[in-house]
Amino acid sequence: MTGREGVARGPSAAPTPPAPTAPALTTTVTVERPLDLRRTLAPLRHAGSDPAAHLSADGGWFALGTPLGAATLAIVRTVGGVTAHAWGPGAEWAIASVPDLIGQGDDDAGFDPSLHPVVARLARRFDGLRLTRSNRVLDALVPAVLEQEITGAEALRAWRLLVLRYGSPAPAPTGLTPAQRAAVPRLTVPPSAREWRAVPAWAFHEAGIAQRRWRTVVGAAEVAPRLERTLRLGRGGPEVTATLRSLPGIGVWTSALVTQTAHGDPDHPAYGDAHVSRAVCWALARELLPAADADARMAQLLEPWAGHRERVVRLVLATGVEAPRRGHRMAPPPHRSF
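Numbering follows our numbering, in which position 96 of the sequence shown is assigned residue number 86; successive positions increment by one, without gaps.
This is the structure we're talking about:
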């Protein structure tokens, strides 16, 4: 959920990487351009209480369900690059995903920040921000569906409850010193497609998820292989979006969140989210618009960067600045379209 990070819990820094003799798969990726690793990895974590991900100042820990099995992945910024370690049956797949996770495949050719002074300033300020690509469609889709029509806090609570109840403990890192082990966050691998299909209706209800949305989750899990195959089509695009939106309950907003995170899509903003559209309108035009008008205006403002519209949104949201509120803060009504 872009721009909705919570406060990180647990240790403030990733533990020192294990010794080379540790029984873990390891890779080091050389980085030749600026990289803000925390901001790049941020879309992979659903607030500070996410049981499947933990971010630190110089990296992060992730519990992954991969085609080869579960994996625990630790990524840390090192001099001149990024070092990653993975444990568990899916360690090989997790290690192979690291370049995409840290934005090595993010191509900003054709992106001209000089078209607007604010975008130019943000591009200089956040020159290390890259667009991640998780290569895990279902893991991006489920939390997006859970967030439909309810507040972010409610959706994060539902994600946490369901993952902790129906996920599985992440593989334990081995080869660490006692001090390193003490700093490892306790993580849970999100449910697989088979496990999501087996979640009973009462558990979704208990988590605050209405019938229509849990049916969307279960329906997506039933066709998970077809959804994962959209990764072969590249970093988003009309065919990927059409495939996602062919599922009942998946619309513009949900498909955008999926392609942004799973595919690394640089051009699919989250239309239908009042937080995003109002923030963009305020940042680029100093216009304070009602939610009903903000989407159309955001589309106009972003048009000069066609091909990189989500990149501009990410730069705006990286500031953490929101559009001023018109009145007293109240419990928000549903504001996300499908």
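Even for Gly, the Cβ is constructed at its ideal location relative to N, Cα and C.
key: Residue nearest to Arg301 in terms of C-alpha spacing, selected from Phe116, Thr206, Ala188 and Gly78   = Among Phe116, Thr206, Ala188 and Gly78, the Cα nearest to that of Arg301 is on Phe116.
ask   = Should His258 be labelled buried (16 or more other beta-carbon atoms within 10 Å of its own) or exposed?
value = When all chains shown are included, His258 counts as buried.
inquiry  = Just to confirm the assignment: which complete alpha helix (DSSP H) runs, minimum length 4, are found wholly within the segment 119 to 176?
reply    = Here the runs fully enclosed are 127 to 136, 142 to 156 and 168 to 173.
inquiry  = Please classify Leu177 as buried or exposed, where buried requires at least 16 neighbouring CB atoms within 10 angstroms.
reply    = Per the 10 Å Cβ criterion, buried.
request  = Check each candidate in Ala264, Ile140 and Val179 and name the one with the smallest Cα separation from Arg203.
outcome  = Comparing Cα positions, the closest option is Ile140.
key: Alpha carbon of Thr62 to alpha carbon of Thr56, nearest angstrom   = Taking the straight line from one Cα to the other gives about 10 Å.
key: For Arg216 and Ala275, the rounded distance between their alpha carbons   = Rounded to whole angstroms, the separation of the alpha carbons of Arg216 and Ala275 is 41 Å.
message = Just to confirm, is the Cβ distance from Leu45 to Arg35 under 8 Å?
response = Contact: yes.
task = Count the C-beta pairs between the segment 209 to 228 and the segment 145 to 161 that are closer than 8 Å, then say yes if the count reaches three, no if not.
result = The answer is no - the segment 145 to 161 does not touch the segment 209 to 228, with fewer than three Cβ pairs under 8 Å.
task = Let me know if Pro7 comes out buried or exposed under the rule of 16 or more other beta-carbons within 10 Å of its beta-carbon.
result = Annotation note: pLDDT 42 at Pro7 (below 50); position unreliable, coordinate value reported separately. Burial call: buried.
query = Is Ala162 close to chain B, meaning its C-beta is less than 8 Å from at least one C-beta of that chain?
reply = The structure shown contains no chain B; it is built from a single protein chain.
query = DSSP three-state call for Phe194: helix, strand or coil?
reply = DSSP, reduced to helix, strand and coil, places Phe194 within a helical segment of the structure shown.
request  = Please work out which residues of its chain come closer than 7 Å, Cβ to Cβ, to Gly310, disregarding the five sequence neighbours upstream and downstream, and give them in chain order.
outcome  = Hits under 7 Å: none found.
ask   = Closest to Asp48 by CA distance: which of Ala162, Ile65 and Met288 is it?
value = Checking every option, the nearest Cα to that of Asp48 belongs to Ile65.
task = Spell out the partners DSSP gives Gly50 in its beta bridges.
result = In DSSP, Gly50 forms a bridge with Leu45 and Ile65.
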